[in-house]
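Participant:
Protein chains: 2
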Amino acid sequence: MGRAGEVRRRDATERGTGQDGRELDLQQYFPYRLARLAEQVSLAVAEVYSERFTLTRQEWRVLAILGARAEIATKEIGPLTTLDKMQVSRAVQGLQARGIASRKHHPDDRRELIVSLTPAGRALYRKIVPYALARETELLSVLTAEEVKVLDRVMHKLSAALS
Amino acid sequence: MGRAGEVRRRDATERGTGQDGRELDLQQYFPYRLARLAEQVSLAVAEVYSERFTLTRQEWRVLAILGARAEIATKEIGPLTTLDKMQVSRAVQGLQARGIASRKHHPDDRRELIVSLTPAGRALYRKIVPYALARETELLSVLTAEEVKVLDRVMHKLSAALS
DNA sequence: AGGAAATAGTAACATCTGATACCAATTTCG
DNA sequence: CGAAATTGGTATCAGATGTTACTATTTCCT
Chain F
7 MGRAGEVRRR DATERGTGQD GRELDLQQYF PYRLARLAEQ VSLAVAEVYS
57 ERFTLTRQEW RVLAILGARA EIATKEIGPL TTLDKMQVSR AVQGLQARGI
107 ASRKHHPDDR RELIVSLTPA GRALYRKIVP YALARETELL SVLTAEEVKV
157 LDRVMHKLSA ALS
Chain A
7 MGRAGEVRRR DATERGTGQD GRELDLQQYF PYRLARLAEQ VSLAVAEVYS
57 ERFTLTRQEW RVLAILGARA EIATKEIGPL TTLDKMQVSR AVQGLQARGI
107 ASRKHHPDDR RELIVSLTPA GRALYRKIVP YALARETELL SVLTAEEVKV
157 LDRVMHKLSA ALS
């Protein structure tokens, strides 16, 4: 990672502020733009599960994982959802409190909890998913197929570089 | 990604869950992937201003804006940083408390506050910016020039579609 | 003019989130 | 075997964040 030194050298036009190196323009700064975009997207998607079905972002993620399988150990949820164990704990409790998920002890290791969707939870899942997928499709529809392809690759590359 | 062939693939083998439409695979779901990536990037950049210089994300954004100009009305900061007015208020107070920024009343409208960097603040800005820019360069260095170009266009398109 | 409405900023309260420590169950290994 | 370490999960408390309502100042309108 870059020690300070090798940061791009200068340009002649001083704008009365920075004197060394490039200027920093927040609007053009990639990390800022990405954060901003992600927030916009997140908000757009949240309409689906939040306003309509009163789920938090974390609950929605857990639901999404749960919907894809019959049951899952709590400890597996974290890695799949990028939530830490406290967030998972709270999300699952939230889902359980609302009759969406249920928990039972793992028969062979009573520390572990196994989570699954209740029938109501599964119904909810089936109701939400089409909206969620529609949102995604709608979003990506402003891009060309080629752009989607590149975006996919780019995201993989960046993500990999950061792990 | 998303819509592309890869994701769409609903498999004939019902996994005991979804029955209609496509499956939702969180790992492939664009909004999730984007949120995840943005968080990784945000974390990587936060090392620069947070660990090293003990600034919050909001303070860093305000600092970035302030560094680019001599002074600015508080009310202009929000739109430029995507922070709401309470966040701006707190961030500016934080910067002021640490001797980084100073405030004065607008002479013609005493409701408004005009913020500017103190000399110490400007020094801090000059110290941080190279690191921040280096981070960005480093990040984008895993991409080809073409990919960067497409990424830029894609982000603009998506962002515009969401406003 | 002068009261109603709007604007900039903040206080105050409620809620969410993160970090730490903790309990219970299991595994390790001297 | 049995004490120590590890693991899964949660309580708890502190700090961060969001929301609402309030103050001060300015603008609008008749």
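In order, the protein sequence lines correspond to chains F and A.
Here the first sequence is numbered in this note's numbering, starting from 7 and rising by one per residue.
Here the second sequence is numbered in this note's numbering, starting from 7 and rising by one per residue.
The beta carbon of each residue, even a glycine, is placed where N, CA and C say it ideally should be.
#1: Using CA coordinates, which residue listed in Leu69/F, Gln93/F, Val160/F and Leu139/F is at the minimum distance from Val121/F?
#2: Rounding to the nearest angstrom, what Cα-Cα distance links Gln93/F and Gln64/F in this structure?
#3: Among the candidates Phe59/A, Gln34/A and Pro113/A, whose CA atom is the shortest distance from the CA of Ala74/F?
#4: Looking at the C-beta of Glu77/F, does it have a partner C-beta in chain A at a distance below 7 Å?
#5: Run through chain A and tell me which residues come within less than 9 Å of Arg67/F, C-beta to C-beta.
#6: According to DSSP, Leu119/F sits in a beta bridge with which residue or residues?
#7: Let's see if you can read the secondary structure: which residues bound the alpha helix (DSSP H) around Ile71/F?
#8: When the Cβ atoms of the segment 83-103 of chain F are set against those of the segment 51-61 of chain A, are three or more pairs found closer than 8 Å?
#9: Would Leu139/F pass as an interface residue toward chain A - the criterion being a Cβ-Cβ separation below 7 Å?
#10: So, under 8 Å CB-CB, Leu139/A and Leu30/F are touching, yes? Tell me the CB distance rounded to an integer number of Å.
#11: In the DSSP output, what is Glu77/A paired with across the bridge?
#12: With DSSP as the reference, label Ile106/A as helix, strand or coil.
#13: Going by DSSP in three states, Ser169/F sits in which element: helix, strand or coil?
#14: Residues of chain A with CB under 7 Å from Gln46/F, in chain order?
#15: My understanding is that Leu130/F touches Ile106/F, with C-beta atoms under 8 Å, so please give their C-beta distance in whole angstroms.
#16: Looking at the structure shown, is Glu29/F part of a helix, part of a strand, or coil, going by DSSP?
#17: Count the CB pairs spanning the segment 32-48 of chain F and the segment 71-87 of chain F that are closer than 8 Å, and state whether there are at least three.
#18: Return yes when the Cβ of Leu32/A is within less than 7 Å of the Cβ of Ile71/F, no when it is not.
#19: Ile83/A versus chain F: which residues are under 7 Å apart at the beta carbon?
#20: Quick one: using the 10 Å Cβ neighbour count with 16 as the cut-off for buried, is Asp115/F buried or exposed?
#21: DSSP on Phe59/A, reduced to helix/strand/coil?
#22: Run the CB neighbour count on Val148/A, radius 10 Å, all protein chains shown included, and call it buried at 16 or more, exposed below.
#23: Given a threshold of 16 other Cβ atoms within 10 Å of its Cβ, counted over all protein chains shown, does Glu142/A qualify as buried or as exposed?
#24: For the segment 139-155 of chain A, list every residue whose C-beta sits within 9 Å of some C-beta in chain F, in sequence order.
#25: Pull up the CB-CB distance for Leu2/F and Phe36/A, whole angstroms please, since I reckon it's below 8 Å.
#26: Taking the alpha-carbon positions, what's the Met161/A to His112/F distance?
#27: Taking the Cβ atom as the reference point for each residue, do Thr80/F and Arg67/F lie within a distance shorter than 7 Å?
#28: Check whether the Cβ atoms of Arg109/A and Leu119/A sit closer than 7 Å, and answer yes or no.
#29: Does chain F have any CB closer than 7 Å to the CB of Met3/A?
Facilitator: The structure says:
#1: Leu69/F
#2: 7 Å
#3: Gln34/A
#4: no
#5: Leu32 and Tyr38
#6: His111/F
#7: Arg63 to Gly73
#8: no
#9: yes
#10: Indeed, because the Cβ distance is near 6 Å, the residues count as touching under 8 Å.
#11: The partner list for Glu77/A (beta bridge, DSSP) reads Ser122/A.
#12: Shown here, Ile106/A sits in coil according to DSSP, grouped into three states, outside any helix or strand.
#13: coil
#14: Ser165 and Leu168
#15: 6 Å
#16: coil
#17: no
#18: yes
#19: What Ile83/A touches in chain F: nothing, since even the nearest Cβ is about 11 Å away.
#20: exposed
#21: coil
#22: exposed
#23: So Glu142/A ends up on the buried side.
#24: Leu139, Ala140, Arg141, Glu142, Thr143, Glu144, Leu145, Leu146, Ser147, Val148, Leu149, Glu152, Glu153 and Val154
#25: Outside the displayed span of chain F (7 to 169) sits residue 2/F, for which this structure offers no information.
#26: 45 Å
#27: no
#28: yes
#29: Shown here, chain A extends from 7 to 169; a query on residue 3/A therefore has no answer.
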